[in-house]
Each structure stands twice: as C-alpha cells, then as structure tokens.
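A.B. asks:
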Amino acid sequence: MGSGKPLQLVELGPGNGTLLVDFLRVMNRLGYKPEDLSIHLVEISETMQMLQAQRLCITHKATNIESPYYYEGQTISGIKVYWYNDLKKVPNNFSWYMAHEFFDVLPIHKFEKTEDGWRELLIDMDENGKLYYRISGKETQSSKVLIRPPLDAGDRTELEISARSLGIARQLAQRVDQHGGLVLIADYGHEGEKGDTFRAFHKHKVVNPLENPGECDLTADVDFSQLRIAASKTPGDENYAIVAGPVKQKDFLERLQAKARLQVLMDNAKTEEEKEKIKSAYEMLVDPKKMGERFKFLAFYPSTMGPILEKFPPLGFVNEKENATEK
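Residue 193 in the numbering used here is what sits at position 187 of the sequence shown, and the numbering runs on without skipping anything.
#1: Distance check for Phe108 and Glu78, CA to CA, integer angstroms please.
#2: Exposed or buried, which one is Asp243 when buried takes at least 16 other CB atoms within 10 Å?
#3: Looking only at its chain, what residues have a beta carbon closer than 6 Å to the beta carbon of Ala226, apart from the 5 residues adjacent to it on each side?
#4: Which runs of the alpha helix (DSSP H) spanning at least 4 residues fall entirely within the segment 23-80, listed in chain order?
#5: Could you tell me which residues DSSP puts in a beta bridge with Arg125?
#6: Buried or exposed for Gln184, please, with buried defined as at least 16 other CB atoms from any protein chain shown within 10 angstroms of its CB.
#7: Measure the alpha-carbon distance for Thr277 versus Ala287 and round it to whole angstroms.
#8: Keeping to the same chain, check which residues put their C-beta closer than 8 Å to that of Tyr246; ignore five residues upstream and five downstream.
#9: Please report the distance separating the alpha-carbon of Asp229 from that of Gln14.
#10: Kindly indicate the opening and closing residues of the beta strand (DSSP E) around Arg205.
#11: Measure the alpha-carbon distance for Lys1 versus Asp42 and round it to whole angstroms.
#12: Measuring only the C-alpha atoms, how far is Glu197 from Lys285?
#13: Nearest to Thr24 by CA position, among Pro12, Ala59, Leu36, Gly37, is which residue?
#14: Give a yes or no on contact between the segment 113-128 and the segment 155-165, applying the rule of three or more CB pairs nearer than 8 Å.
#15: Is Glu221 near His208, with beta carbons less than 9 Å apart?
#16: Considering Lys254, what are the terminal residues of the beta strand (DSSP E) in which it resides?
#17: Does the count of Cβ pairs from the segment 255-270 and the segment 297-309 closer than 8 Å reach three?
#18: Given this structure, state the Cα-to-Cα distance separating Asn1 from Asp122, to the nearest angstrom.
#19: Taking the straight line between their C-alpha atoms, what separation do you get for Glu145 and Ser168?
#20: DSSP three-state call for Ser101: helix, strand or coil?
#21: Distance, Cα to Cα, Phe318 vs Pro40?
#22: Could you pull out every residue in the same chain whose Cβ sits closer than 7 Å to the Cβ of His106, ignoring the five residues on either side in sequence?
#23: Flag this pair as yes or no: are the beta carbons of Gln232 and Leu112 separated by less than 9 Å?
#24: For Glu334, which residues in the same chain have their Cβ closer than 8 Å to its Cβ, ignoring the five residues on either side in sequence?
#25: Would you tell me roughly how many angstroms separate the C-alpha atoms of Ile235 and Ile314, rounded to the nearest one?
#26: The beta strand (DSSP E) with Glu166 in it runs from where to where?
#27: Going by DSSP in three states, Asp161 sits in which element: helix, strand or coil?
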C-alpha cells in the first residue's frame, strides 16, 4: 500500500477521541514526526468537536469562514489536527481513513415488500400528536432510486437502505483509488440477511424509536453487503476499490494475534483485579454473544492493488493457514 508522506489520517465521527489517542501513541512509537503526519476529523457536532480538541490538543482555535476546515489544533508532539463538517472538504491526498461506529448512526430509508412491490415505510402523526408507521400507497422517489440492481434483497420482506452511507462509501472508494491509501470500517452490522434493525436507546435501554423524539440515540445495523456494492466496480466506473471483508470482529482480532496480546497484558498485570478486568474486556470483544460476531470489519484498497492483494491478502481478513494453503 505504501506510506505516502505526509500521511493524512482521516477519521469520520471520532466520538470522544479514544481511538485517536491510541493511534497517536502507536505512531509515536513508530517514529512518526509532526511533518510526517496530519490528523483530519469529520465532525458535525460542536459539542463532540470541542471534547475531541480538549482531549487531543494542547492548543486549538476556530478558523476563518473561508477555510475548508472550521477548527484546528496541535497535539503535544506537534502534530496538526483539523476539523471539517464534510468529507468533501478534506484534502485529496494519500490517506488512511477510519470509520468506527460511524455508519450505524446515519439516517436510513425503510421499505416493506407488498403485493404491489416494495413500498417505503413512512412516519406519520395521528390526531393526538403520536407518531406511527404507515406504508406508502405508491412508489416514492427513494424506492425508485434505491431499490434496483445491483441491490439483491434475496428473500427479505423488509429492507433498510442508507443513501448517505452508500454515498460516503462510494466517495471513500474513489478517494483511495485516485490518491492512494486505505479505508477501514468497523461497525455493528450484517451481510445482507437482516431487514428490520432500526432501534432507539435511552439510558442504555432499548425503547420505541417513535417515542420521545430527540431524547434517544437512534441506530440501525450496517448492511455491509450494500457498502461492498457501493465501493466496488460497476459498469462505467473509472475509480473503484478492492474490498476486503466483512469479517467478524472475533476472527479479525484473533487473526491479528489478539490472544498473544492478551497474554502479554495478563503477564504484565500487577493484581488479580487488573487481570480480571483485562480478561473481561477481551471476552467482550471476541465473545460471539457480545461483540465478537455482531461487530464487523470492512476495508477498501486502491484498484491497482488487486494483483498484490491476490498474492498477499490483507492481515485480519484472511486466516494465515488459509493463505498459506492458497499459496
């Protein structure tokens, strides 16, 4: 894949910045200098942006309205950090893109299969001001545009499609193909077998998504099969990505020697309580009943890397024994 310099690390929806803190610590160990690396964050929430700035930077400030980024800062090691409200404004350079629990919060369209074909599930309000679902009596613009080849609904009678997710996945694929780099997506999701996953959380409990609007966190599982289609080559494409995955988090981490890393942490733990916390955290990540199977990884590579990836499949996405057998 190479390592263009200066390297741009781009994260979509950085949350509280935990992943970035860990990343910067690793890059520092690898000897990256401030002139070798810059951080570019796509964040539309001012509250989260300020939290990220306070955690990552020793100095930070707003920029003028003409700038493509609306905020900038600098880490304690001198690395520049920039904030954008749109991926399109991030410079088109060699980049590593990360989207960790980003796609599952993007808006979706819901559809149901009827005797008359696919119809969009809409939200309406009754005479008492209560929200409820109703099926559209005819095709909507969304159903005409989104439910068509190469989308394969299989035997499902319900569908969830995020037009915004498909657009962003397509944009990421084009960026890495034109300018080099890598995209890594990690999220809760499935491979095209589920239909209704839309739900709401309030105080860590699942609640009715139509009750108390604005007070709950809304989410829907990512359909990774749709992201694959959006990033892959279709007729007429000039820029597209080679897609690896999705793979379950359990498999991804264990192929990257997570068990060996666990043993190192356990050996360095000073108390039994610390060991128990480490073990519990590991089980949360790999247990199939927890995050091990529901959380998945997907990667995009430049199309020019096709022959290389056929010979040397990316770590984490292919079992080493399987890879050795293929060779």
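Glycine is no exception: its CB is placed at the ideal position from the N, C-alpha and C atoms.
C.D. replies: The short version:
#1: Numbered from its first residue, the sequence shown carries residue 78 at position 72. Numbered from its first residue, the sequence shown carries residue 108 at position 102. Their Cα atoms are separated by approximately 22 Å.
#2: Along the sequence shown, read from residue 1 onward, the residue named residue 243 stands at position 237. Exposed, since its Cβ has fewer than 16 Cβ neighbours within 10 Å.
#3: Taking the sequence shown and counting its residues from 1, one reaches residue 226 at position 220. Same-chain partners within the cutoff: Ile114, Glu166, Thr203, Phe204.
#4: 24-35, 52-62
#5: The residue given as residue 125 occupies position 119 in the sequence shown. Paired residue(s): Glu118.
#6: Along the sequence shown, read from residue 1 onward, the residue named residue 184 stands at position 178. With fewer than 16 other Cβ atoms within 10 Å, it is exposed.
#7: Sequence index remark: in the sequence shown, residue 277 carries index 271 (1-based). Sequence index remark: in the sequence shown, residue 287 carries index 281 (1-based). Computed Cα separation, rounded: 16 Å.
#8: Counted from its first residue, the sequence shown places residue 246 at position 240. Within the same chain, Tyr246 has close Cβ partners Ala179, Gln180, Asp183, Ala237, Ser238, Lys239, Thr240, Ser309.
#9: Here residue 229 is taken as the residue at index 223 of the sequence shown, counted from 1. Here residue 14 is taken as the residue at index 8 of the sequence shown, counted from 1. C-alpha separation (whole angstroms): 27 Å.
#10: Here residue 205 corresponds to residue number 199 of the sequence shown, with the count starting at 1. Counting along the chain, the beta strand (DSSP E) containing Arg205 begins and ends at 205-208.
#11: No information on residue 1 is available, as it lies outside the stretch 7 to 333 that the chain covers here.
#12: Here residue 197 corresponds to residue number 191 of the sequence shown, with the count starting at 1. Here residue 285 corresponds to residue number 279 of the sequence shown, with the count starting at 1. The alpha-carbon atoms of Glu197 and Lys285 are separated by roughly 29 Å.
#13: Taking the first residue of the sequence shown as 1, we reach residue 24 at position 18. The shortest C-alpha separation from Thr24 is found at Ala59.
#14: yes
#15: The sequence position of residue 221 within the sequence shown is 215, counting from 1. The sequence position of residue 208 within the sequence shown is 202, counting from 1. A contact, by the Cβ cut-off of 9 Å.
#16: Sequence index remark: in the sequence shown, residue 254 carries index 248 (1-based). Residues 247-254.
#17: yes
#18: Absent from the model: residue 1. The displayed extent of the chain is 7 to 333, so no value can be given.
#19: Locating residue 145 in the sequence shown gives position 139, counting from the first residue. Locating residue 168 in the sequence shown gives position 162, counting from the first residue. Distance between the alpha carbons of Glu145 and Ser168: 17 Å.
#20: Locating residue 101 in the sequence shown gives position 95, counting from the first residue. Ser101 falls in the strand class under three-state DSSP.
#21: Position 312 of the sequence shown, counted from the start, is the residue given in the question as residue 318. Position 34 of the sequence shown, counted from the start, is the residue given in the question as residue 40. If I take the Cα positions, the gap works out to 31 Å.
#22: Here the question's residue 106 lines up with position 100 in the sequence shown. Closer than 7 Å at Cβ, skipping near neighbours: Leu25, Ala192.
#23: One-based indexing of the sequence shown puts residue 232 at position 226. One-based indexing of the sequence shown puts residue 112 at position 106. Not a contact, by the Cβ cut-off of 9 Å.
#24: In the structure as shown, the chain starts at 7 and stops at 333, and residue 334 therefore has no counterpart that could be examined.
#25: Here residue 235 refers to the residue found at position 229 when the sequence shown is read from its first residue. Here residue 314 refers to the residue found at position 308 when the sequence shown is read from its first residue. Rounded to the nearest angstrom, the two C-alpha atoms are 21 Å apart.
#26: Here residue 166 refers to the residue found at position 160 when the sequence shown is read from its first residue. Where Glu166 is concerned, the enclosing beta strand (DSSP E) stretches over 164-167.
#27: Along the sequence shown, one-based indexing puts residue 161 at 155. Asp161: coil per DSSP, three-state reduction.
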